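Below is one structure, written out as structure tokens; comments come after it.
Residue numbers (the working numbering): 1382 to 1639.
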């Protein structure tokens, strides 16, 4: 490894599984001091252990529910006490409604719950972390191809990811003069526990997987590490003149959406 983010303090939300976990490992291998956060304690410990196995260094790790302002403040406060600053904030924490309710079926409570994590939760931690971010720091938000287009019965999720696209651009514009960058990574269909739920519930999981692959010109599902590699680039100084942009990681699906 070349130490592309050596010495940087990197907070990762939604780090318990999938893309968040792969991002923690990737950043840590390249020299970052990673802070692992997830709302599920067992997942926090699993990722912490995997990062230590990969690097020989045990990262800080915290349970973090993004809907709880006190927990957000406590985690950011702990990072401040230990390191005094944050160089990288990767916002991967998100939820989805797997039963895919339509607009007339979704309840107010369901709508509010998904916005509270996917939009307000990211706003909360950005607001808490930004005072600790110095010139040269960066925010990488993890959106979705649903930041760019919608599908049937994804109104709430697509609305949150669309909001995250504009929130990221607003951050980029507002903080550019302070030398803080903000970018959005939009994964396509990735082999994560979130998508595994759809396969588990499908009448024919193999058929659903083939359908997913057929939507992608590269004819396969992406891996969490492939998204993590893109996040690593945006977190590094190699992307020093990149802000307010969207990096789509979908195997060409949005270029040839069918």
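Ideal Cβ positions, reconstructed from N, Cα and C, are used throughout, including at glycine.
Remember, predicted model here, so these are calculated numbers, not experimental data.
Quick check: what's the CA-CA separation for residue i versus residue j?
i: residue 1562; j: residue 1583; result: 40 Å
i: residue 1523; j: residue 1467; result: 18 Å
i: residue 1552; j: residue 1585; result: 42 Å
i: residue 1596; j: residue 1440; result: 38 Å
i: residue 1513; j: residue 1556; result: 13 Å
i: residue 1508; j: residue 1587; result: 43 Å
i: residue 1602; j: residue 1570; result: 6 Å
i: residue 1579; j: residue 1550; result: 31 Å
i: residue 1534; j: residue 1480; result: 9 Å
i: residue 1455; j: residue 1419; result: 14 Å
i: residue 1525; j: residue 1437; result: 32 Å
i: residue 1410; j: residue 1431; result: 11 Å
i: residue 1427; j: residue 1396; result: 10 Å
i: residue 1401; j: residue 1422; result: 14 Å
i: residue 1589; j: residue 1636; result: 21 Å
Where does residue i land, buried or exposed, given buried means 16+ other C-beta within 10 angstroms?
i: residue 1445; result: buried
i: residue 1443; result: buried
i: residue 1542; result: buried
i: residue 1408; result: buried
i: residue 1463; result: exposed
i: residue 1388; result: exposed
i: residue 1451; result: exposed
i: residue 1459; result: exposed
Could you give the DSSP three-state label for residue i: helix, strand or coil?
i: residue 1636; result: coil
i: residue 1391; result: strand
i: residue 1452; result: helix
i: residue 1539; result: helix
i: residue 1580; result: helix
i: residue 1533; result: coil
i: residue 1519; result: strand
Please confirm whether residue i and residue j have their CB atoms less than 8 Å apart.
i: residue 1568; j: residue 1608; result: yes
i: residue 1425; j: residue 1617; result: no
i: residue 1484; j: residue 1447; result: no
i: residue 1500; j: residue 1435; result: no
i: residue 1566; j: residue 1628; result: yes
i: residue 1605; j: residue 1631; result: no
i: residue 1518; j: residue 1531; result: no
i: residue 1392; j: residue 1577; result: no
i: residue 1521; j: residue 1612; result: yes
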